[in-house]
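Below is one structure; the comments refer to it alone.
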Amino acid sequence: MLSAFPYENFCFEYPTKIIEFFFYLVEEWVNEPYGREGQEGFWIAQSDLDEGAFPPANAN
């Protein structure tokens with residue numbers, strides 16, 4: 347990543363834990379993005395996202 351700026355953040359409270367999300371606007375990078383812990387990644391158009399496929403913390 348060559349250039350990234352804070353975009354938004356919010357907290358979500360589950361009964362047993364609190365999760366805080368930090369989002370960044372990435373404007374410049376080198377090579378292809380990848381999951382550092384081996385997660386699969388892919389690009390998808392926002393209009394193709396299925397709202398029901400996300401956990402409650404992602405509903406906002």
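Counting from 1, position 24 in the sequence shown corresponds to residue 370 in this note's numbering; the numbering is continuous, with no gaps. Backbone N, C-alpha and C fix where the C-beta goes; we use that ideal spot for every residue, glycine too.
Checklist entry - Excluding five sequence neighbours on each side, which residues of the same chain lie with their C-beta closer than 8 Å to the C-beta of GLY381? => result GLY387
Item to check | DSSP state of GLU397 mapped onto helix, strand, coil | outcome: DSSP places GLU397 in helix when its eight states are reduced to three.
Next on the checklist: To the nearest angstrom, how far is the alpha carbon of GLN385 from that of GLU378?
Outcome noted: 14 Å
Next on the checklist: Taking the alpha carbon of LEU307 as the reference point, which residue from PRO401, SER349, ALA391 has its own alpha carbon closest?
Outcome noted: Lying before the first or after the last residue shown, residue 307 is absent from the chain, which here runs from 347 to 406.
Item to check | MET347 versus PHE400 - alpha carbon distance | outcome: 26 Å
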